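Under numbering that gives the first Met the number 0, the sequence shown has 401 at position 402, and the numbering climbs by one with no breaks.
Backbone N, C-alpha and C fix where the C-beta goes; we use that ideal spot for every residue, glycine too.
The model shown is predicted, which means the values in this text are computed figures rather than measured ones.
For reference, the structure is listed below as structure tokens.
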Amino acid sequence: MSDPVIIAGGGPAGLMLAHELGLWGIDSIVLERLPSRSGRSVGQAVNTTVVELLDQRGLLEGLQEHTTPVQGTHFSLLWLDMTPLEGRHQPALLLAQEYLEKELERHALKRGAEVRYGHDLAGYTQDEFGVGVTVRADGGTYELRGSYLVGADGENSVVRELAGIAFHGTGPASCGLVADVEIDIQDLPEIHRGARFCPVGGLYSSVPVEPGVTRVITAEFDKDLPGASVEPTAGELRRAIERLNDTPFPDVPVRWIRRYGGPSRVAETYQAERVFLVGDAAHTFYPLAGLRMNLVLQDAVNLGWKLAADLLGWAPPNLLDTYTAERRPQGLRAAAATDTQLALIHPVEKVAPVRALMAELLKFPDANRYLLELSTGLDVSYAPEGAPAPVGRRLPHVPLVTAAGAGSVASALHAGRGVFLDLTGSGSAANPVAAWADRVDLVAAEPVAEIGASAVLVRPDGHVAWAGEPGDATLRPVLEQWFGTPGA
């Protein structure tokens, strides 16, 4: 058995990665600095891609009681027509991050992960065989040996700092507060309900957390972040809301409050030998339309199976290098998209004509679809140049009919392995992936028009690696590219 993968950070990125590794039987130890789960997060919505990622691992069912469908999405609070996604993709959901984290932890533990609260990474060394980690806990330190170290420890990542990886900033900064206040959202003045663009230079949103409790989030673009030692207060929150909405906010108890903000940042690389970065440790930007959580979970799902392949001995050459090659461009793209959205919000006197023009352009279906896919993460593609659709893209969320009955594309990916989908309706005479049976499943199903191919090879992260006819000679080199030598 190899040493466990050590994951610094027990938020969504770290827990999702632990779950992904567990699907392959790889042990992991999650070190979480906080003594217990806090439930204090900005995240209140998950977009289409996140919903489908959770569904493809069978994680969505346990969250349904905590979700509410979101009827629309936006680009810089310019609302988009959702029609192009109907019948092909799941809707976004309101889902508090605390419920997502609890469910991810439950499944990670079930898969063999160990989560240690109140344990903080203090340092590490690495060699060609693994990593040595120094952990702070209970007033002392101890040592751990791991196969790899993954920094999932947020935008102030200790792992990133120790690895010497630069964290470059771009675009406008914001100064924000997030808090749970003890008032039912329906008892707030109408202007304090929901999300709104504030002409004075900022954003405001509120969502119900539970009966009698509302989460409020502010962002102001003409304010500098105070120093880290300056604790936010209920009075500061109320004044920020009143500046943004120009209406008194009730003086109600605040359960908790924290500060966030700064410019968009993306790490110079996501890997330093046996050390990797995922989630906010690799990139951070203003949370708009669930795009931040989208990147966080996609990082974990992209890296998990690749680490497992390496530790199980069947990874093809340079497989781990594809993590940074695939995910860092997505971090840069999301940061640029966020900066663009903020630039369309402030300063209002300069951007108002541009926003009016954007609203007109969004009446064109192609423009609407482009921004819709960008805002939901559905535009992510790992296709090599010139590859035909659907190669590189995630499969659409569509029904799948097999000999076992009706299912979905998502259910075929629950095991977290590769999948060869034979969509001819008759099944192939021979199993073209038989030699890779320990890492790729064969699923024969009825034809699916939305997929647009007779057969597809799907990576464990849900992205199509190959499309064609089941007997095509082009399949084998792609299998070897992503799933290594048969029997390795």
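- DSSP links Val439 through a beta bridge to Gly417.
- Boundaries of the alpha helix (DSSP H) harbouring Ala308: Leu290 to Leu311, taken from the DSSP string.
- Apart from sequence neighbours up to five positions away, the residues of its chain that approach Leu161 with a beta-carbon distance below 7 Å are Gly122 and Tyr123, ordered along the chain.
- For Pro328, there is no enclosing beta strand (DSSP E); the enclosing alpha helix (DSSP H) has its first and last residue at Asp320 to Ala342.
- For Gly404, the enclosing beta strand (DSSP E) stretches over residues Gly404 to Ser407.
- In terms of Cβ geometry, Ala12 and Gly376 do not form a close pair [threshold 8 Å].
- Under the three-state reduction of DSSP output, Pro346 falls in the coil class, being neither helix nor strand.
- When the alpha-carbon of Glu372 is set against those of Trp23, Leu302 and Ala336, the nearest one is in Ala336.
- Between the beta-carbon of Leu302 and that of Leu58 there is about 17 Å, and that puts the pair past the 8 Å contact cut.
- Taking a 10 Å sphere around the C-beta of Asn317, we find fewer than 16 other C-beta atoms and assign the residue as exposed.
- Assigned with DSSP and collapsed to three states, Val49 falls in helix.
- Judged by their CB atoms, Asp298 and Ala281 are nearer to each other than the 8 Å cut-off.
- The Cβ atoms of Tyr322 and Gln270 sit closer than 8 Å to each other.
- Assigned with DSSP and collapsed to three states, Pro83 falls in helix.
- Annotation for Thr283: Glu154 and Arg264 place their beta carbon closer than 6 Å to its own, counting only its chain and skipping 5 residues before and after.
- Of Leu370, Leu474, Arg144 and Asp26, the smallest CA-CA separation from Val439 is found for Leu474.
- When the beta-carbon positions are compared, Gly201 and Thr217 come within less than 8 Å of each other.
- Where Tyr203 is concerned, the enclosing beta strand (DSSP E) starts and stops at Gly201 to Glu209.
- Under the criterion of beta carbons closer than 8 Å, Ala239 and Leu176 qualify as touching, at roughly 6 Å.
- In the structure shown, His88 adopts coil according to DSSP, grouped into three states.
- Counting only the Cα atoms, Leu243 lies some 34 Å from Pro83.
- Note that the region 342-349 does not touch the region 175-189; fewer than 3 beta-carbon pairs, one per stretch, sit closer than 8 Å.
- In the structure shown, the three-state DSSP call for Asp365 is helix.
- Closest in C-alpha terms to Leu361, from the list Phe166, Phe74, Leu276 and Leu14, comes Phe74.
- Each residue's CA atom was taken as its position, placing Leu311 and Gly21 some 12 Å apart.
- Residue state for Arg32 is assigned as coil, using DSSP reduced to three classes.
- For the pair Arg257 and Phe248, the CB atoms are not nearer than the 8 Å cut-off.
- Take the alpha-carbon of Ala136 and the one of Ile5: they are about 15 Å apart.
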